[in-house]
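Undergrad: Shown below is the structure under consideration.
Number of protein chains: 2
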Amino acid sequence: MTINKLSQITHLIESELNQFNDRFKKSLKSNVSLVDLVARYILKQKGKKIRPVLVLLSSKIGGEINERSYRGATLVELLHTATLVHDDVVDNAETRRGFPSINAVWKNKVAVLMGDYLLSRGLMLSVEGDDFDFLRVITNTVKRMSEGELLQISKTRKLDNDQETYFKIISDKTASLLSTCCEIGIRSSTTNEDKIIALREFGENLGMAFQIRDDILDFIGTKKIFGKPLGGDIKEKKLTLPLIYALKQASDRESKKIISNVKSGGKKVQVEDVIEFVKKYNGIDYAVKVSNDFADKAIQCLSIFEASETKAALESLVSFVIERKN
Amino acid sequence: MTINKLSQITHLIESELNQFNDRFKKSLKSNVSLVDLVARYILKQKGKKIRPVLVLLSSKIGGEINERSYRGATLVELLHTATLVHDDVVDNAETRRGFPSINAVWKNKVAVLMGDYLLSRGLMLSVEGDDFDFLRVITNTVKRMSEGELLQISKTRKLDNDQETYFKIISDKTASLLSTCCEIGIRSSTTNEDKIIALREFGENLGMAFQIRDDILDFIGTKKIFGKPLGGDIKEKKLTLPLIYALKQASDRESKKIISNVKSGGKKVQVEDVIEFVKKYNGIDYAVKVSNDFADKAIQCLSIFEASETKAALESLVSFVIERKN
Numbered sequence: 032m033t034i035n036k037l038s039q040i041t042h043l044i045e046s047e048l049n050q051f052n053d054r055f056k057k058s059l060k061s062n063v064s065l066v067d068l069v070a071r072y073i074l075k076q077k078g079k080k081i082r083p084v085l086v087l088l089s090s091k092i093g094g095e096i097n098e099r100s101y102r103g104a105t106l107v108e109l110l111h112t113a114t115l116v117h118d119d120v121v122d123n124a125e126t127r128r129g130f131p132s133i134n135a136v137w138k139n140k141v142a143v144l145m146g147d148y149l150l151s152r153g154l155m156l157s158v159e160g161d162d163f164d165f166l167r168v169i170t171n172t173v174k175r176m177s178e179g180e181l182l183q184i185s186k187t188r189k190l191d192n193d194q195e196t197y198f199k200i201i202s203d204k205t206a207s208l209l210s211t212c213c214e215i216g217i218r219s220s221t222t223n224e225d226k227i228i229a230l231r232e233f234g235e236n237l238g239m240a241f242q243i244r245d246d247i248l249d250f251i252g253t254k255k256i257f258g259k260p261l262g263g264d265i266k267e268k269k270l271t272l273p274l275i276y277a278l279k280q281a282s283d284r285e286s287k288k289i290i291s292n293v294k295s296g297g298k299k300v301q302v303e304d305v306i307e308f309v310k311k312y313n314g315i316d317y318a319v320k321v322s323n324d325f326a327d328k329a330i331q332c333l334s335i336f337e338a339s340e341t342k343a344a345l346e347s348l349v350s351f352v353i354e355r356k357n
Numbered sequence: 032m033t034i035n036k037l038s039q040i041t042h043l044i045e046s047e048l049n050q051f052n053d054r055f056k057k058s059l060k061s062n063v064s065l066v067d068l069v070a071r072y073i074l075k076q077k078g079k080k081i082r083p084v085l086v087l088l089s090s091k092i093g094g095e096i097n098e099r100s101y102r103g104a105t106l107v108e109l110l111h112t113a114t115l116v117h118d119d120v121v122d123n124a125e126t127r128r129g130f131p132s133i134n135a136v137w138k139n140k141v142a143v144l145m146g147d148y149l150l151s152r153g154l155m156l157s158v159e160g161d162d163f164d165f166l167r168v169i170t171n172t173v174k175r176m177s178e179g180e181l182l183q184i185s186k187t188r189k190l191d192n193d194q195e196t197y198f199k200i201i202s203d204k205t206a207s208l209l210s211t212c213c214e215i216g217i218r219s220s221t222t223n224e225d226k227i228i229a230l231r232e233f234g235e236n237l238g239m240a241f242q243i244r245d246d247i248l249d250f251i252g253t254k255k256i257f258g259k260p261l262g263g264d265i266k267e268k269k270l271t272l273p274l275i276y277a278l279k280q281a282s283d284r285e286s287k288k289i290i291s292n293v294k295s296g297g298k299k300v301q302v303e304d305v306i307e308f309v310k311k312y313n314g315i316d317y318a319v320k321v322s323n324d325f326a327d328k329a330i331q332c333l334s335i336f337e338a339s340e341t342k343a344a345l346e347s348l349v350s351f352v353i354e355r356k357n
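So the protein sequences, as listed, match chains A and B. Counting from 32, one number per residue, gives the positions in the first sequence under the numbering used here. Counting from 32, one number per residue, gives the positions in the second sequence under the numbering used here.
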């Protein structure tokens, strides 16, 4: 079965997701009216909610979804939202999920402070719930995410990314949080360390597949309605896997030409030429293969769990991630 | 005795401050070279270190300075540094302590991510040390600080700040952290709840006096070499206590004229006129009185402690805060 929509997977936890949504909404309430205003704006922009889904499914595969699972799901979604708000400052993004970004509407300063506020709200939930095991995991995740982004920025400036560094960057900036979702989810329902480790690894591999797919989507498909437009990474001088691979396959002369094209930056970049180059040297095919390999590893991590509807849902989530078109 | 320099107070904990400095330096190490580069840049800009001083003196008045005290001092200084780095994005500041700001040198995105990184490093120290009591205090502080800044931004836009809201803003954005320094410090050396509460209150009142002094310094003295130039708040449309008071004393007509002057914003503001107006209506004298009242309250909070060198040092710190010229 091809998974086109996340709802094909999440029907299993539909009422739990509604419960999560209520709690997430509540967690954004504030006495400061500007905070409330920005929070309501954030709530209008419904994302895929893939992280809370992952927390809830992970709780369910470990035992039963409970209060701690909901707090964990709210924590990761708050952290994810905080990083999105900060990322928009980082990327100088003007839109997010089809809406003008917070920094575009309220300027950078509100975006920076709002991100700090959202992060602190998430951490406070864990503190109030005595979920110190969550805090142990999440603070390391925050560190890895910011370090990953900073590493990407330095590589972007020098345009000298290689596959190994690329893997480190996407592991830190993306896979770490998906892995954390799984770990927090299953920790809320079991103390079985083997299962916890297996599911954390599942999340790490899923996250790698997810980000590589994201990077592939920058090169293929039509101009997207939501999210970043085609070639956005190229214009920002981010060297991702399809291009890193193609650059290694091509002759020095041809590679240098492409690099100098990307170096021109922004609107001056001939995006079509770069995409054509990547396709000519099978950069997309290679990245698809690598993404599939990570997806396979993710599936293997689940072997410790007995067959169940929840396990099937997690497997479907893997398919969804590597097949998605946006 | 007039306290002109913090070193007159800190000689009591000189070797402990050196130990703290070593730990702070170590906490900034990273494998990502860009992070290391920015961290070294931060270390070159020696601030007053008033927060770690407060943690260490608070530990000493409660018992003995120990490992947990050092972790607490490092935690608050990392958080403080994180907020400074984010504040520079918030304020679009071009300099900080006489150096070009991080956002001016490395752009906003590096500043945002570096702030996130510093905060996570601080939290990780507490997690690794099992200092969950610190985390309980500090996460609420992070929330209050961002909420306070956001409240200030909304009031700045409308130019309608009153004394009550002003107190709320400075309590959240400044006093909360100084209070947290005291609480974390004394929690590291005693479990006596009465003493902990007394010292937390001391920190809150000290913080209020500190921020009001800061706001007074925007109106008096000569152009500063370090820090914000004279009239910086006025140009940013921040209504602080001296001006809030003067606006209430003056006639409607005169107040409206001043407000419309401030509203013009940035370089267009006739700073000298605003300062003259504030002085005419005793705004400075009033703010000095309020600042002194908070200072007195802070001193009173210390009455629970027996006389000691450490107590005297904390009292001197109060004098330093309300007498400082920059």
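Beta carbons: idealized from backbone N, C-alpha and C, even for Gly. Since the model is a prediction, treat every value here as computed from it, not as a measurement.
#1: Should Leu59 (chain B) be labelled buried (16 or more other beta-carbon atoms within 10 Å of its own) or exposed?
#2: Between Gly238 (chain A) and Ser151 (chain A), what straight-line distance do the alpha-carbon atoms span, to the nearest angstrom?
#3: Could you check if Ser282 (chain B) is buried or exposed, using at least 16 other CB atoms within 10 Å of its CB as the buried criterion?
#4: Identify whether Pro83 (chain B) lies in helix, strand or coil by the three-state DSSP scheme.
#5: For Ser157 (chain A), which of B:Leu156, B:Asp225, B:Val168 has the nearest alpha-carbon?
#6: Which runs of the alpha helix (DSSP H), 4 residues or longer, sit entirely within the segment 172-260 of chain B?
#7: Shorter than 8 Å from the beta carbon of Tyr148 (chain A) to some beta carbon of chain B?
#8: Residues of chain A with a CB under 7 Å from the CB of Ile184 (chain B): which are they?
#9: Going along chain B, which residues have a C-beta under 9 Å from Ser334 (chain A)?
#10: Cβ closer than 7 Å: which chain A residues qualify as neighbours of Glu180 (chain B)?
#11: Which residues in the same chain have their Cβ closer than 8 Å to the Cβ of Glu214 (chain B), if we skip the five residues on either side of it in sequence?
#12: Does any C-beta atom of chain B lie closer than 8 Å to the C-beta of Leu166 (chain A)?
#13: To the nearest angstrom, how far is it from the Cα of Ile275 (chain B) to the Cα of Lys269 (chain B)?
#14: At least one CB of chain B closer than 8 Å to the CB of Thr170 (chain A): is that the case?
#15: Thinking C-alpha only, which one of B:Phe250, B:Ser61, B:Val141, B:Leu345 is nearest Asp304 (chain B)?
#16: Compare the C-beta of Ser13 (chain B) against all C-beta atoms of chain A and say whether one is closer than 8 Å.
#17: If you follow the alpha helix (DSSP H) that Leu274 (chain A) is part of, which residue opens it and which one closes it?
#18: Return the chain-ordered list of same chain residues with a C-beta closer than 7 Å to the C-beta of Thr41 (chain A), the five sequence neighbours on each side being excluded.
#19: Just how far apart, CA to CA, sit Asp246 (chain B) and Arg54 (chain B)?
#20: Using 8 Å as the threshold, is the segment 317-330 of chain B in touch with the segment 346-354 of chain B, meaning 3 or more CB pairs across them?
#21: Whose C-beta lies closer than 7 Å to the C-beta of Ser100 (chain B) among residues of the same chain, with five residues either side of it excluded?
#22: Could you tell me whether any Cβ in chain A is nearer than 8 Å to the Cβ of Leu154 (chain B)?
#23: For Pro273 (chain B), is the classification buried or exposed, using 16 other Cβ atoms within 10 angstroms of its Cβ as the cut-off for buried?
#24: Taking 8 Å as the threshold (C-beta atoms), are Val302 (chain B) and Ile265 (chain B) in contact?
#25: By alpha-carbon positions, which one of B:Asp225, B:Phe165, B:Lys299 ends up nearest to Phe336 (chain B)?
#26: Taking Val86 (chain B) as the query, report the chain A residues whose CB atoms sit under 9 Å from its CB, ordered along the chain.
#27: Which bits of chain B does His117 (chain A) rub up against, with CB to CB less than 7 Å?
#28: Taking contact to mean 3 or more Cβ pairs, one atom from each stretch, closer than 8 Å, check whether the segment 178-196 of chain A and the segment 179-191 of chain B are in contact.
#29: Can you pull the chain A neighbours of Lys174 (chain B), defined as C-beta to C-beta under 7 Å?
#30: With Ser46 (chain B) as the anchor, note down where its alpha helix (DSSP H) starts and where it stops.
#31: Check whether the Cβ atoms of Ile96 (chain A) and Thr341 (chain A) sit closer than 8 Å, and answer yes or no.
#32: Shorter than 8 Å from the beta carbon of Val120 (chain A) to some beta carbon of chain B?
#33: Output needed for Ala104 (chain B): all residues of its chain with C-beta closer than 7 Å, excluding positions within five of it in sequence on either side, in chain order.
#34: Starting from Ile96 (chain B), trace the alpha helix (DSSP H) in both directions and tell me its first and last residue.
#35: What's the call for Ala277 (chain B), buried or exposed, on a 16-neighbour Cβ count within 10 Å?
#36: Would you verify that the beta carbon of Ser207 (chain B) is, or is not, closer than 8 Å to some beta carbon of chain A?
TA: Quick look at the numbers:
#1: Classification for Leu59 (chain B): buried.
#2: Spanning the two alpha carbons is a distance of roughly 24 Å.
#3: Taking a 10 Å sphere around the C-beta of Ser282 (chain B), we find fewer than 16 other C-beta atoms and assign the residue as exposed.
#4: In the structure shown, Pro83 (chain B) sits in a helix (DSSP, three-state: H, G or I).
#5: Just measuring C-alpha positions, the residue of B:Leu156, B:Asp225, B:Val168 sitting nearest Ser157 (chain A) is B:Val168.
#6: Counting only runs of 4 or more, we get 194-201, 207-218, 224-248.
#7: With respect to chain B, the C-beta atom of Tyr148 (chain A) has a partner C-beta closer than 8 Å.
#8: Using a Cβ-Cβ cut-off of 7 Å, Ile184 (chain B) is close to Leu65, Lys140, Val141 of chain A, given in chain order.
#9: Within 9 Å Cβ-Cβ: nothing; Ser334 (chain A) doesn't reach chain B, min ~31 Å.
#10: Within 7 Å Cβ-Cβ: Leu144.
#11: So the qualifying residues of the chain are Ser89, Val168, Ile227, Leu230, Arg231, Gly234.
#12: For Leu166 (chain A), the nearest beta carbon of chain B is closer than 8 Å to its own beta carbon.
#13: The alpha-carbon atoms of Ile275 (chain B) and Lys269 (chain B) are separated by roughly 10 Å.
#14: Interface annotation, Thr170 (chain A): in contact with chain B, CB-CB separation under 8 Å.
#15: Among B:Phe250, B:Ser61, B:Val141, B:Leu345, the Cα nearest to that of Asp304 (chain B) belongs to B:Phe250.
#16: This structure cannot settle anything about residue 13 (chain B), because the visible part of chain B is limited to 32 through 357.
#17: Leu274 (chain A) -> alpha helix (DSSP H) spans 272-280.
#18: Setting aside the 5 residues that flank it on each side, Thr41 (chain A) is surrounded in the same chain by Leu48, Val84, each with a C-beta closer than 7 Å to its C-beta; the list follows chain order.
#19: Between Asp246 (chain B) and Arg54 (chain B), the C-alpha separation is close to 32 Å.
#20: Short answer: they touch.
#21: Excluding positions up to five away in sequence, the list reads Val86, Leu87, Ser90, Gly216, Ser219, Ser220.
#22: Yes, because at least one Cβ of chain A sits closer than 8 Å to the Cβ of Leu154 (chain B).
#23: So Pro273 (chain B) ends up on the buried side.
#24: Remark: C-beta atoms of Ile265 (chain B) and Val302 (chain B) approach each other more closely than 8 Å.
#25: The residue with the shortest Cα to Cα distance from Phe336 (chain B) is B:Asp225.
#26: Identification of chain A residues near Val86 (chain B) by a Cβ-Cβ cut-off of 9 Å yields none; the smallest Cβ-Cβ distance measures about 20 Å.
#27: Result: Val143, Asp147.
#28: With the rule of 3 Cβ pairs closer than 8 Å, the segment 178-196 of chain A does not count as touching the segment 179-191 of chain B.
#29: Result: Tyr148, Ser151, Arg152, Met155.
#30: Where Ser46 (chain B) is concerned, the enclosing alpha helix (DSSP H) starts and stops at 45-58.
#31: In this structure, Thr341 (chain A) does not lie closer than 8 Å to Ile96 (chain A) by Cβ.
#32: At a cut-off of 8 Å between beta carbons, Val120 (chain A) contacts chain B.
#33: Close CB contacts of Ala104 (chain B) within its chain, under the 7 Å cut and outside five residues either way in sequence, are with Phe51, Pro83, Val86, Leu87 (chain order).
#34: Note, Ile96 (chain B): premise wrong, no alpha helix (DSSP H); not H, not E.
#35: Classification for Ala277 (chain B): buried.
#36: No, its Cβ sits nowhere closer than 8 Å to a Cβ of chain A.
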